[in-house]
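For reference, the structure is listed below as structure tokens.
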Amino acid sequence: MNRKRRTEILIQNGGNLAKELAEVIKKKYEYQPISEPEYGLTMIKMRESAKKSLFYIGEVMVTEAKVEINQSIGIGIVIGMEDELAQHLAIIDAAYRANLPETVEWEPVLETTAKQLEEQRAREQRVIFETKVDFETMEV
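Going by this note's numbering, the letters in the sequence shown line up with residues 12 to 151, in that order.
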């Protein structure tokens, strides 16, 4: 699983799984914070659909943290003021970069969580579509 997909799953899960996985690493390994969670602004890119060109839609506030485990640096960036989640994401990223054995055990957990999130999203979509009005069947 690539870094982007892993991070999306951990964030969409609400941070609970990220906390669990980070705690496993914190108990077994020594980690050094390179930078404590700090706030910043980043520009958000969007693709304009007609011309297919990129443009910046605006800025968003992010929290960023960096840690080091076994000489491997991990970065955690999340939208909003989420100090703890950014720290957990950095620890997990560093664990993957250091090829710690625990990361192999996480893959099935992450895949299961991804499936649960997709099922939840599908249920929400079904509820939305049930309330959708079909204007073609309405009489004038």
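Don't be surprised by glycine CBs; every beta carbon is placed ideally from N, CA and C.
Per DSSP, the bridge partner or partners of residue i
i      : result
TYR152 : Because the chain is modelled from 12 through 151, residue 152 falls outside the range shown and cannot be assessed.
GLN43  : GLU79
ARG16  : According to DSSP, ARG16 bridges with nothing at all.
ALA89  : The amino acid occupying residue 89 in the given sequence is Val; Ala does not appear at that position. According to DSSP, which records beta bridges pairwise, VAL89 is partnered with THR74.
ILE55  : GLY69
LEU102 : The question names Leu, yet the displayed sequence has Ile at residue 102. In DSSP, ILE102 forms no bridge with anything.
Of the listed residues the options, nearest to residue i (C-alpha basis)
i     : options                          : result
ILE90 : LEU52, TYR40 and SER46           : LEU52
GLY69 : ARG58, GLU75, LYS77 and ALA76    : ARG58
GLN23 : LYS63, LYS126 and ARG137         : LYS126
GLU49 : MET92, THR114, LEU21 and THR123  : MET92
SER38 : GLU113, PRO119 and GLU141        : Residue identity check: residue 38 is Lys in the sequence provided, not Ser. Taking only the C-alpha atoms, the option nearest LYS38 is GLU113.
VAL73 : PHE140, GLU95 and SER83          : GLU95
ILE84 : LEU128, ARG134, ALA29 and ASN110 : ASN110
ALA97 : ALA133, LEU128, PHE66 and GLY26  : GLY26
LYS15 : GLN82, GLY87, TYR67 and ARG132   : GLY87
Any non-hydrogen atom of the ligand MN closer than 7 Å to residue i Cβ
i     : result
GLU95 : In the structure shown, the ligand MN is absent, as is every other ligand, since no ligand is present at all.
Whole-number beta carbon distance between residue j and residue i, since they are thought to touch under 8 Å
i     : j      : result
ILE55 : THR124 : No, ILE55 and THR124 are not in contact; Cβ-Cβ is about 26 Å, not under 8 Å.
Cβ pair count under 8 Å reaching 3, the stretch 78 to 88 against the stretch 30 to 46: yes
Does the contact criterion of 3 or more C-beta pairs under 8 Å hold for the stretch 91 to 105 versus the stretch 14 to 34? yes
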